[in-house]
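With this note's numbering applied, the sequence shown corresponds to residues 5 to 398, in that order.
Think of the CB as a built atom: it goes at the ideal place given N, C-alpha and C, for glycine as much as any other residue.
In this text the structure is predicted, and so the values were computed from the model without any measurement.
Below: one structure, written as structure tokens.
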Amino acid sequence: MKKLFSSTIFKLIIAVIIGILLGFVANESFMNFVVTVKYILGQLIFFMVPLIILGFVSYSIAKMKDNASKMLSLALIIAYLSSIGAAFFAMVSGYTLIPHLSIEPVKETLRQLPELIFRLDIPPVVSVMTALVLSIMIGLATVWTKSEVFENLLDNFQKMVLLLINRILIPILPFFIAANFCALSYEGAITKQLPVFLGVMAIVIVSQFVWLAFLYVLAGTVSKKNPWQVLKYYGPAYLTAVGTMSSAATLAVALKCAKKSPVLKDDVIDFAVPLFSNIHLCGSILTEVFFVMTVSLMLYGSLPSLTVMILFIILLGIFAIGAPGVPGGTVIASLGIVISILGFDEAGTALLLTIFALQDSFGTACNITGDGALTLIMTKASCRRSSKPKKINS
């Protein structure tokens with residue numbers, strides 16, 4: 005897993021560098037080829053977006069049949085609230101800080117891209133919103149009918165989609181990103197746009213620490229325990245997540261760190277930490293929200309409206325729970341709403357995918373470290389349930 009994540013990030017970085025350098029020296033004939041490749045790969049990626057939604061959202065809902073457990077229900081609720089809370093924090097920070105970052109849209113002064121050599125349209129089977137509604141309906145129907153056959157079908161379909169992601173989407177991403185950065189460099193936008201992201205990444209990392217501080221203070225208030233008795237043991241897990249860029253690869257270290265805490269119960273740790281490592285993505289969501297606002301101002305000239313951002317965040321929290329376990333899984337799972345709600349095109353999605361991947365290690369580290377705070381809340385809930393007097397039947 006570690007090699008997969010490291011290799012993917014390395015390829016994306018190389019793709020960005022090659023794309024920028026080629027864009028500086030490319031002539032019009034070469035750019036005819038580049039924009040054609042960019043268009044075809046974009047069509048293929050956008051074709052897969054509804055499949056990703058159907059594959060992951062519907063099965064994630066179908067798996068909730070085990071929600072008879074109140075502890076599982078509580079875990080899902082607090083993970084979702086933490087994720088969208090981080091997203092709203094990023095949104096407020098974005099509206100406050102991004103306009104002061106000297107980001108100037110240069111769309112009007114860009115060099116014109118040449119025409120496509122040929123046009124190959126690959127329309128999706130269904131629209132993004134249709135896929136979202138259909139996946140919700142299928143997932144709910146599977147839960148209500150308790151159909152094991154259909155649940156197994158959704159499970160197999162999710163595995164098929166994950167194979168398509170790993171064997172088609174992930175391998176073509178470097179070429180798609182290189183073509184987009186080549187086009188941005190050729191147009192002249194990259195010299196003005198890319199340096200801004202250095203400042204944006206710094207703001208995002210600081211914001212992640214602020215959100216972690218909020219989570220642990222909140223957990224300490226709810227549990228009436230000292231949150232430092234959890235947080236101080238999470239250093240190795242944070243550093244491991246930065247190095248591996250993988251929640252799965254960090255899980256063993258996170259479990260060891262949590263078990264060192266004197267205020268966490270072992271049975272709650274065994275249940276909560278593995279669960280939260282898959283469904284609690286506060287750092288990744290915070291990052292994506294701030295980045296989509298930045299990209300929107302850079303490429304499209306304005307920040308998304310408040311109502312659009314609220315709808316995006318509410319849905320993003322749901323998509324994050326079903327995010328696939330691949331590099332940049334959160335942003336890949338949410339491509340549908342990025343395109344349909346925020347209106348991003350190929351250039352916007354390529355830029356978002358790239359900058360998200362470049363800082364993905366810090367987002368993963370924030371996710372993992374935040375799991376400790378939620379586990380502390382779960383420990384308090386577990387103590388409350390066990391302390392309730394049992395009813396004695398006469």
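Can the beta-carbon of residue i be found less than 9 angstroms from the beta-carbon of residue j?
i: residue 121; j: residue 48; result: no
i: residue 218; j: residue 93; result: yes
i: residue 90; j: residue 279; result: no
i: residue 23; j: residue 258; result: no
i: residue 297; j: residue 98; result: yes
i: residue 41; j: residue 128; result: no
i: residue 223; j: residue 380; result: yes
i: residue 286; j: residue 106; result: no
i: residue 138; j: residue 55; result: no
i: residue 208; j: residue 348; result: no
i: residue 338; j: residue 361; result: no
i: residue 4; j: residue 369; result: Since the first and last residues shown for the chain are 5 and 398, residue 4 lies out of range.
i: residue 265; j: residue 374; result: no
i: residue 103; j: residue 32; result: no
i: residue 229; j: residue 267; result: yes
i: residue 170; j: residue 251; result: no
i: residue 44; j: residue 101; result: no
i: residue 19; j: residue 178; result: yes
i: residue 154; j: residue 140; result: no
i: residue 165; j: residue 60; result: yes
i: residue 336; j: residue 173; result: yes
i: residue 262; j: residue 238; result: yes
i: residue 299; j: residue 356; result: yes
i: residue 310; j: residue 82; result: no
Write down the C-beta distance between residue i and residue j rounded to the nearest angstrom, noting that I regard them as a contact closer than 8 angstroms.
i: residue 343; j: residue 353; result: 7 angstroms
i: residue 212; j: residue 290; result: 6 angstroms
i: residue 131; j: residue 383; result: So it is not a contact: roughly 44 angstroms between Cβ atoms.
i: residue 135; j: residue 340; result: 7 angstroms
i: residue 189; j: residue 28; result: 6 angstroms
i: residue 269; j: residue 386; result: 6 angstroms
i: residue 281; j: residue 158; result: Actually they do not touch by this definition, with Cβ atoms about 22 angstroms apart.
i: residue 293; j: residue 346; result: About 11 angstroms; that fails the 8 angstroms criterion.
i: residue 314; j: residue 201; result: Going by Cβ atoms, the distance from residue 314 to residue 201 rounds to 25 angstroms, so no, they are not a contact pair.
i: residue 38; j: residue 30; result: 7 angstroms
i: residue 84; j: residue 305; result: Not really, about 32 angstroms apart at Cβ, beyond 8 angstroms.
i: residue 187; j: residue 351; result: 7 angstroms
In this structure, does DSSP put residue i in helix, strand or coil?
i: residue 167; result: helix
i: residue 277; result: helix
i: residue 174; result: helix
i: residue 219; result: helix
i: residue 184; result: helix
i: residue 72; result: With a pLDDT of only 38 at residue 72, under 50, the local geometry of the prediction cannot be trusted, and no value is derived from it.
i: residue 349; result: coil
i: residue 269; result: coil
i: residue 119; result: coil
i: residue 192; result: coil
i: residue 206; result: helix
i: residue 375; result: helix
i: residue 124; result: coil
i: residue 30; result: coil
i: residue 106; result: coil
i: residue 131; result: coil
i: residue 384; result: helix
i: residue 67; result: helix
i: residue 228; result: coil
For the alpha helix (DSSP H) holding residue i, just list the boundary residues, first then last.
i: residue 296; result: 286-304
i: residue 324; result: 310-325
i: residue 344; result: 339-344
i: residue 307; result: That residue, residue 307, is in no alpha helix (DSSP H); it is neither H nor E in DSSP.
i: residue 234; result: 232-235
Nearer than 8 angstroms: is that true of the beta carbon of residue i relative to any heavy atom of the ligand ADP?
i: residue 50; result: In the structure on display, the ligand ADP does not appear, and there are no ligands present to speak of.
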